[in-house]
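J.: Next up is a structure, given as structure tokens.
In the UniProt record's numbering, the protein residues as written are 1 to 51.
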């Protein structure tokens with residue numbers, strides 16, 4: 001059986017891991033916007049300007 005201190009340490013590690021994963025997810029979302037949505041937006045602007 002785990003002690004209260006061990007459980008608290010485990011919770012802290014899990015919270016830190018969750019924070020790290022949330023940060024990585026945010027970075028991936030930003031990369032997605034930069035690599036997928038921005039070029040689409042630029043193409044649309046270019047098409048609009050060329051008309």
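Glycine included, each C-beta is placed from N, C-alpha and C at the ideal position.
If we ignore side chains and look at the alpha-carbon of each, how far apart do residue 33 and residue 25 end up?
T.: Approximately 12 Å between the Cα atoms of the pair.
J.: Just how far apart, CA to CA, sit residue 6 and residue 42?
T.: Going by the C-alpha atoms only, they are around 53 Å apart.
J.: Just verifying my parser: in three-state terms, what is the DSSP assignment at residue 2?
T.: Reduced to three states, the DSSP call for residue 2 is coil.
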